[in-house]
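According to the numbering used here, the sequence shown holds residues 1 to 144 in order. Reviewing the structure listed below.
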Amino acid sequence: MKIKILFLALIMGGISCQPKPEKNPTPKENGTLPDSFVEFYIQFHTDSVFQLEHIVFPLEGIPQIDSTSTEESLENFKWSKEDWVIHKNITETESYFKKEYSEFAGMINERIYHQNNQFEMIRRFAKIQDEWHLIYYAALNQVN
């Protein structure tokens, strides 16, 4: 009986020592994204005041498309500060979404997509006056 209890304790101890998945993974692209962006990205998703201060409003982008959307309503669409919904970090370990990052001409493009590639959202970030800002946001929509 003592051996069974000892064995069970060892198993439970081993399970509790397993590394836990990262709850809020930071953006990574083989470590090539600037450290300043990674720091910005973390604060952007944890501080709502900081987030609103680091978005270029009116923000270019695409709204979530539904049955009432028309070509006219999508043309020249801009997100406003008044209608903005605070973004939280989408974690890959706790969702069915994946993230991809690319960097071009000082901008960082983030693509968040459903693992079956049917839905995606896109955000673009750029440095303005030495600080990162969100400059474009296409809401989660079905991929054509």
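Built from N, CA and C at the ideal position, the CB exists for glycine as well.
Within the same chain, Ile-90, Phe-97, Lys-99, Glu-120 and Met-121 come within 7 Å of Ile-112 by CB-CB distance, once the 5 residues on both sides are set aside. The way I'd put it, the region 103 to 111 doesn't touch the region 56 to 71; fewer than three beta-carbon pairs between them come closer than 8 Å.
Note that the C-beta distance between Phe-50 and Phe-57 is not below 8 Å. Straight-line spacing of the CA atoms in Tyr-137 and Ala-126 works out to 12 Å. Considered as a whole, the region 20 to 89 harbours 55 to 62 as its complete beta strand (DSSP E) runs of no fewer than 3 residues, in chain order.
Counting the other CB atoms within 10 Å of its CB gives Leu-52 a total below 16, which places it among the exposed residues. Around the C-beta of Leu-134, 16 or more other C-beta atoms lie within 10 Å, and the residue is accordingly described as buried. Cβ-Cβ distances below 8 Å link Leu-33 to Pro-27, Tyr-101, Glu-103 and Ile-108 in the same chain, with the five nearest sequence neighbours on each side left out; the list follows chain order. For Glu-120, the enclosing beta strand (DSSP E) has its first and last residue at 119 to 128. Taking the Cα positions, Lys-88 is about 16 Å away from Phe-37. The three-state secondary structure of Ala-105, taken from DSSP, is coil.
The three-state reading of DSSP puts Glu-94 in coil, since its state is none of H, G, I, E or B.
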